[in-house]
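Beneath this line is the structure, given in structure tokens, with notes to follow.
Number of protein chains: 2
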Amino acid sequence: MGRARSEERRAEILRAAFEVIAERGYRGATLSAVAERVGLTQQGLLHYFPAKEALLIAVLEERDQWDTGGARIGGRRGWRLELLEALVEYNAMRPGVVQTFSALLGESVTEDHPAREFFTHRYALVRDDMAGVLREEFGDRLPGGLTPERAAPLLTAVMDGLQYQWLLDPESVDMPAVFRDFVGLLRTGEPDREG
Amino acid sequence: MGRARSEERRAEILRAAFEVIAERGYRGATLSAVAERVGLTQQGLLHYFPAKEALLIAVLEERDQWDTGGARIGGRRGWRLELLEALVEYNAMRPGVVQTFSALLGESVTEDHPAREFFTHRYALVRDDMAGVLREEFGDRLPGGLTPERAAPLLTAVMDGLQYQWLLDPESVDMPAVFRDFVGLLRTGEPDREG
Numbered sequence: 003m004g005r006a007r008s009e010e011r012r013a014e015i016l017r018a019a020f021e022v023i024a025e026r027g028y029r030g031a032t033l034s035a036v037a038e039r040v041g042l043t044q045q046g047l048l049h050y051f052p053a054k055e056a057l058l059i060a061v062l063e064e065r066d067q068w069d070t071g072g073a074r075i076g077g078r079r080g081w082r083l084e085l086l087e088a089l090v091e092y093n094a095m096r097p098g099v100v101q102t103f104s105a106l107l108g109e110s111v112t113e114d115h116p117a118r119e120f121f122t123h124r125y126a127l128v129r130d131d132m133a134g135v136l137r138e139e140f141g142d143r144l145p146g147g148l149t150p151e152r153a154a155p156l157l158t159a160v161m162d163g164l165q166y167q168w169l170l171d172p173e174s175v176d177m178p179a180v181f182r183d184f185v186g187l188l189r190t191g192e193p194d195r196e197g
Numbered sequence: 003m004g005r006a007r008s009e010e011r012r013a014e015i016l017r018a019a020f021e022v023i024a025e026r027g028y029r030g031a032t033l034s035a036v037a038e039r040v041g042l043t044q045q046g047l048l049h050y051f052p053a054k055e056a057l058l059i060a061v062l063e064e065r066d067q068w069d070t071g072g073a074r075i076g077g078r079r080g081w082r083l084e085l086l087e088a089l090v091e092y093n094a095m096r097p098g099v100v101q102t103f104s105a106l107l108g109e110s111v112t113e114d115h116p117a118r119e120f121f122t123h124r125y126a127l128v129r130d131d132m133a134g135v136l137r138e139e140f141g142d143r144l145p146g147g148l149t150p151e152r153a154a155p156l157l158t159a160v161m162d163g164l165q166y167q168w169l170l171d172p173e174s175v176d177m178p179a180v181f182r183d184f185v186g187l188l189r190t191g192e193p194d195r196e197g
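Shown next, in the form of structure tokens:
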């Protein structure tokens, strides 16, 4: 099989996995369900992804690209807090992938888990991105006095922590609203803004 | 076996499980390791806790009691933000139990997980407690304008979200310092405090 054909097949598998995750959540996203959707045997699928974790990690990497890719056109950081708010709104409409992310993140903190390296690396990048977002919005000092680098892990923690509360009890936790409250808190002390 | 003897045995198992968790983390805390420590067969242990999840949930419930019990003497909410800061400091010294909590929380958001009900119920209580802490500290309106009830899920999310980043990369994430930054942010806009 040629390289182009192989990469096309890989992309097709990722799309299928994303669909299965959206429809059936973390537990339902089995290798056999994904294989069936792309017309492969489970053995055939294992040629591309050696285990369920590897497939899920690839899907989450792909999602990170989709979610942040458009905002970085030309290498410029174009992200703003408003875009983050929109991303949280969007996540609230796709519980399957948020559940998969959150479940895999939970597993990854245990010893020798195959997703540990992915998440450790991802969070280093995410904190860096978040510091960039905050610097673009506020400059070198946030209204409350924090630097962008010190506020970055906080912003990240809020997004992740809210997902767990929301997944467990979506009726009680309005994830996008609570996230907007946090953004408002970051702006506390700033001179009044329009709108 | 009498009820008193049985409850004593149960408490002994919980203490042993807590020790095993502290020493070996989530994956190492197997039913057989706990059984061995209290001199029971695995079958004997199953009489008290029907599965690993049930045992871990009981340990986490017990931890919540220890952590918050002392602060509620006489039914009064005696918690303050300073105590929460101290709790986060303390958690940074016990990665085994934080890892166990975080891994089980991750699992609990998947379909039909045995820990789902525990965590859903726990978070309702925790948000309520946090709203109480915030009200005692700030009254009905926080410096940034939020009510205690609206800030409570945020405070909770920060604690949980930071644990994941810290467990994955303790060298890069100073969990207690970032949590103190969040408390500082809640106080932004407040008239200057002493100290």
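If you read the sequences in order, they're chains A and B.
Remember, the working numbering sits 2 above the position in the first sequence when you count from 1.
Remember, the working numbering sits 2 above the position in the second sequence when you count from 1.
Note that the Cβ used here is the ideal one computed from N, Cα and C, for glycine as well.
From the options, residue whose alpha carbon lies closest to that of residue i
{"i": "B/Arg33", "options": "B/Thr190, B/Ala53, B/Arg17", "result": "Checking the sequence, you will find Leu at residue 33 of chain B rather than Arg. Closest option to B/Leu33, Cα to Cα, is B/Ala53."}
{"i": "B/Phe121", "options": "A/Trp68, A/Tyr166, A/Glu25, A/Leu58", "result": "A/Tyr166"}
{"i": "A/Arg12", "options": "A/Arg29, A/Val40, A/Gly30", "result": "A/Val40"}
{"i": "B/Arg29", "options": "B/Leu106, B/Pro155, B/Arg124", "result": "B/Leu106"}
{"i": "A/Leu164", "options": "B/Leu57, B/Trp168, B/Ala159", "result": "B/Ala159"}
{"i": "A/Glu84", "options": "A/Gly4, A/Ala18, A/Glu138, A/Asp176", "result": "A/Glu138"}
{"i": "A/Glu192", "options": "A/Arg124, A/Phe140, A/Ala88", "result": "A/Phe140"}
{"i": "B/Ser104", "options": "B/Met161, B/Leu86, B/Ala56, B/Glu113", "result": "B/Met161"}
{"i": "B/Pro178", "options": "B/His123, B/Leu86, B/Ala19", "result": "B/Leu86"}
{"i": "A/His123", "options": "A/Glu63, A/Arg143, A/Glu113", "result": "A/Glu63"}
{"i": "A/Arg143", "options": "B/Leu187, B/Ala6, B/Arg82", "result": "B/Leu187"}
{"i": "A/Glu113", "options": "B/Glu113, B/Arg82, B/Gly27", "result": "B/Gly27"}
Same chain, Cβ closer than 7 Å to residue i, five either side skipped, listed in chain order
{"i": "A/Gly76", "result": "Residue confidence is low: A/Gly76 scores 41 on pLDDT, short of 50, so the model does not pin down where it sits. Its coordinate-derived value is still stated next. Nothing listed; no residue qualifies."}
{"i": "B/Glu109", "result": "His115, Ala117"}
{"i": "A/Leu89", "result": "Asp69"}
{"i": "A/Ala19", "result": "Ala31, Val36, Leu57, Val61"}
Spatial neighbours of residue i in its chain, beta-carbon cut-off 8 Å, leaving aside the 5 residues before and after
{"i": "A/Arg78", "result": "With a pLDDT of only 46 at A/Arg78, under the threshold of 50, the placement of this residue in the model should not be trusted; the figure read from the coordinates follows. Excluding residues within five positions, none has a Cβ falling inside 8 Å."}
{"i": "A/Thr43", "result": "Ala37"}
{"i": "B/Arg17", "result": "none"}
{"i": "A/Glu25", "result": "Gly98"}
{"i": "B/Ile59", "result": "Leu106, Pro116, Ala117, Phe120"}
{"i": "B/Ala56", "result": "Pro116"}
{"i": "A/Ile15", "result": "Val36, Val40, Leu42, Leu47, Tyr50, Phe51, Leu57"}
{"i": "B/Arg82", "result": "Val135, Glu138, Glu139"}
{"i": "B/Arg5", "result": "none"}
Close-in-space but distant-in-sequence residues of the same chain around residue i (CB under 6 Å, 5 per side omitted)
{"i": "B/Ala35", "result": "Val22"}
{"i": "A/Phe51", "result": "Leu57"}
{"i": "B/Trp168", "result": "Val175, Met177"}
- prompt: Between the region 134 to 145 of chain B and chain A, which residues of the former have a C-beta closer than 8 Å to a C-beta of the latter?
  reply: Pro145
query: Would you call the region 127 to 145 of chain B and the region 167 to 176 of chain B touching, i.e. three or more CB-CB distances under 8 Å?
result: Cβ pair count under 8 Å is below three, so no.
task: Determine, using beta-carbon pairs with one atom in the region 139 to 153 of chain B and one in the region 181 to 188 of chain A, whether at least three such pairs fall under 8 Å.
output: Touching, yes, given that three or more Cβ pairs across the two stretches are closer than 8 Å.
task: Evaluate contact between the region 90 to 99 of chain B and the region 97 to 106 of chain A, counting only Cβ atoms and requiring at least three cross-stretch pairs below 8 Å.
output: Put simply, the region 90 to 99 of chain B does not touch the region 97 to 106 of chain A. Fewer than three CB pairs are less than 8 Å apart.
contact_flag[the region 41 to 49 of chain B, the region 59 to 68 of chain B] where n(CB pairs < 8 Å) is 3 or more: no
query: What residues in the region 91 to 110 of chain A bring their beta carbon closer than 8 Å to a beta carbon of chain B?
result: Listed by position along the chain: Gln101, Ser104, Ala105, Leu106, Leu107, Gly108, Glu109, Ser110.
field: Contacting positions in the region 169 to 181 of chain A - beta carbon closer than 7 Å to chain B
entry: Leu169, Leu170, Asp171, Ser174, Val175, Val180
message: Using 8 Å as the cut-off, can you tell me whether the region 152 to 165 of chain A makes contact with the region 133 to 144 of chain A, which would need three or more C-beta pairs spanning the two stretches below that distance?
response: yes
query: Between the region 120 to 133 of chain A and chain B, which residues of the former have a C-beta closer than 7 Å to a C-beta of the latter?
result: Phe121, Thr122, Tyr125, Ala126
task: Give, in chain order, every residue of the region 19 to 50 of chain B whose Cβ lies closer than 7 Å to some Cβ of chain A.
output: Gly27, Tyr28, Arg29
query: Closer than 8 Å, Cβ to any Cβ of chain D: which residues of the region 57 to 69 of chain B, in chain order?
result: Looking at the structure shown, chain D is missing, and the protein chains on hand are A and B.
query: Which residues, in order along the region 148 to 160 of chain B, keep a beta-carbon less than 8 Å from a beta-carbon of chain A?
result: Leu148, Arg152, Ala153, Pro155, Leu156, Thr158, Ala159, Val160
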